[in-house]
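Step one of this worksheet: look at the structure below.
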Amino acid sequence: MSAKLNSNRYLPRFVDRLIERKLGYIGAVEVRGPKWCGKTQSALQHASSWTMMQDPDKRQDYLLLANTKPSVLLEGAAPHLIDEWQDAPQLWDAVRFAVDECDEPGRFLLTGSATPASAPSHSGAGRIASVDMSPMSLAESRDSTAEVSLAALFNGETDCSGYSECDVEEMAYLICRGGWPRAVTLPDKEDSLELARDYLTTIAEQDISRADGVSRNPQYARLIMQEYARVVSSQATQASINKDLKNRDIDLSRDTVNGYLAALRRLYVIQELSAWTPSLHARSRITKTPTRHFTCPSIAAAALGIGPRALLMDTSTMGLLFESLCVRDLRVYAQVLGGEVFHYHDESGREADAVVQLRDGRYALFEAKLGSAFADDGAKSLLALKEKIDTTVMGEPAFCAVLTPGGYAMRRNDGVFVVPITCLTA
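Residue numbers (full-length UniProt numbering): 1 to 426.
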């Protein structure tokens, strides 16, 4: 069996660049993210040997070895992959020790779809580097024309051009399908929509109780994910989520709800967007509450029990899930550039759905709008925020952009870019 067995069907991921780079300078690389997002296949593109902890024929032997002689599970040509290492958390310390013993880069790859309930004895700092992986962006799933580069916009490119035929109907499908590699490659659209629903069922009925060994009610898990889906792309507080559950006669204590949400974070199912705190000309209270997001908007659609047609009939919900899709893709593209994604909202109502900030301090402001007809509103909002930022401290934003489902990419007369998310790439 070859590590490149599925190479002909493998759709390259942006995270591959990060894995390759980190293997060149550090002893071990951990690839972490939600299950089914493609971690194992990506890791196999770089591995020369592997140990699959969830192999049903060998699982019990592997767990026994992990407790008695973990070094046996590390044997194999480098880079050696240990898939789903969190099933035996002691392997983290074994890998760390092995790297200390032989200080060579690129020895191990680890994948994990959950944060282990019991933390390893050592952090792995300086020995193990972590790479976060998301479900596929539209560029990776080949649903983007990839004519507009985020890197080029940051580097001052002003000749922004491109065209996507994606309309709101197609976008509704892309939201509900999500970026799950298996869904992306299925030829039947109806079948591809089932993956997110199956994912939700697996999380609610199995994984949420396995995350930390605490038995949880699948019905409550579904209801909590449904309530979380109702507040996607908003700064709803955890207290308001608890209150909304009580208003629906779901009488769970705050600690219980918090426990479910913590388990969903541990499984990389939910992934909040932190607030950006720039220096401003005028004093203003910035909302520090994170924006609520699932790791893929398809989970929200599945939790709400809606498909593309129902989503089209509810433009308010579709707008929020479209924003969440844009955040997912910006996270993937920004990661390649060494950047992070935030949100901004203040008491005066000025906001940016997403702020991408690079390590060198450059930043860009984004608004997500369901069509180019709403680009004016998005541009006005971004320009109003731009005027409020103290550029003597922060510098001018590298650019401002309104993200739409499809249509033409262009630079407006006011300098704001209009970019279909289905034209964007890293």
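Idealized CB from N, CA, C, for every residue including glycine.
Check: What's the C-alpha gap between K4 and T185?
Finding: Model confidence at K4 stands at a pLDDT of 45, short of 50, so the residue's coordinates are unreliable; what they give is reported in the following sentence. For K4 and T185, the distance between alpha carbons rounds to 18 Å.
Note to self: Using the three-state DSSP reduction, which class does W50 fall into: helix, strand or coil?
What the structure shows: strand
Notebook entry, point to check: Using the C-alpha atoms, what's the distance from V257 back to F97?
Noted result: 38 Å
Check: Exposed or buried, which one is S2 when buried takes at least 16 other CB atoms within 10 Å?
Finding: Interpretation of S2 is limited by its pLDDT of 40, a score under 50 that renders its predicted location unreliable; no figure is taken from the coordinates.
Notebook entry, point to check: Is it true that the CB of V355 sits closer than 9 Å to the CB of A379?
Noted result: no
Check: Helix, strand or coil for C400 per DSSP?
Finding: strand
Next item on the list: Go through its chain and collect everything with a Cβ distance to T40's Cβ below 7 Å, but skip five positions before and after it.
Entry: D83, T111
Check: Between the region 57-77 and the region 28-44, do three or more beta carbon pairs fall short of 8 Å?
Finding: no
Check: Do you know how far the Cα of L424 is from the Cα of L369?
Finding: One detail in the question is off: residue 369 reads as Lys in this sequence, not Leu. The straight-line gap from Cα to Cα measures roughly 15 Å.
Notebook entry, point to check: Which value, in whole angstroms, describes the spacing of the CA atoms of A375 and N242?
Noted result: 35 Å
Notebook entry, point to check: Which word fits G106, buried or exposed, when buried means at least 16 other C-beta atoms lie within 10 angstroms of its C-beta?
Noted result: buried
Next item on the list: Mind checking who S164 pairs with in its DSSP beta bridge?
Entry: G407
Item checked: Nearest-angstrom Cα separation, counted from P420 out to S161 -> 10 Å
Item checked: Where Q357 falls: helix, strand or coil (DSSP) -> strand
Check: If you draw a straight line from the C-alpha of A47 to the C-alpha of S130, how long is it?
Finding: 16 Å
Next item on the list: For F366, write down the residues that DSSP places opposite it in a beta bridge.
Entry: A354, A401
Margin query: Going by DSSP, what residue range makes up the alpha helix (DSSP H) through G319?
Written below: 315-336
Note to self: Which residue wins for smallest C-alpha separation from Y408, given the options A262, Y163, A151?
What the structure shows: Y163
Item checked: Through-space distance from A300 to Q238, alpha-carbon basis -> 17 Å
Notebook entry, point to check: Rounded to the nearest angstrom, how far is the Cβ of D132 from that of G33, given a contact under 8 Å?
Noted result: 6 Å
Checklist line | Every unbroken alpha helix (DSSP H) within the UniProt domain "AAA" (29-140), with a cutoff of 4 residues, ordered by chain | finding: 39-44, 59-68, 90-101
Next item on the list: Could you work out which residue in Q271, L385, Q86 is closest to Y62 when comparing CA atoms only?
Entry: Q86
Next item on the list: My understanding is that V332 touches L383, with C-beta atoms under 8 Å, so please give their C-beta distance in whole angstroms.
Entry: Not a contact, Cβ separation roughly 27 Å.
Check: Is the beta carbon of D207 less than 9 Å from the beta carbon of A114?
Finding: yes
Checklist line | Cα-Cα separation between T158 and L320, rounded to whole angstroms | finding: 29 Å
Next item on the list: Could you check the C-alpha separation between Y260 and Y228 for me, to the nearest Å?
Entry: 11 Å
Next item on the list: Give me the Cβ distance between D143 and T317, rounded to the nearest whole Å; I'm assuming they're in contact under 8 Å.
Entry: No, D143 and T317 are not in contact; Cβ-Cβ is about 21 Å, not under 8 Å.
Margin query: Quick check on DSSP: helix, strand or coil for E170?
Written below: helix
Item checked: Inter-residue Cα distance where the pair is V99 and S134 -> 27 Å
Checklist line | A303 - DSSP class collapsed to helix/strand/coil | finding: helix
Notebook entry, point to check: Given a threshold of 16 other Cβ atoms within 10 Å of its Cβ, counted over all protein chains shown, does Q335 qualify as buried or as exposed?
Noted result: buried
Checklist line | First and last residue of the uninterrupted alpha helix (DSSP H) at V184 | finding: 181-185
Notebook entry, point to check: Taking three-plus beta-carbon pairs below 8 Å as touching, is the region 337-348 in contact with the region 389-400?
Noted result: no
Margin query: Just verifying my parser: in three-state terms, what is the DSSP assignment at G339?
Written below: strand
Check: In terms of DSSP beta bridges, what is P420 paired with?
Finding: T404
Next item on the list: Determine which residues share a DSSP beta bridge with A275 and list them.
Entry: H343
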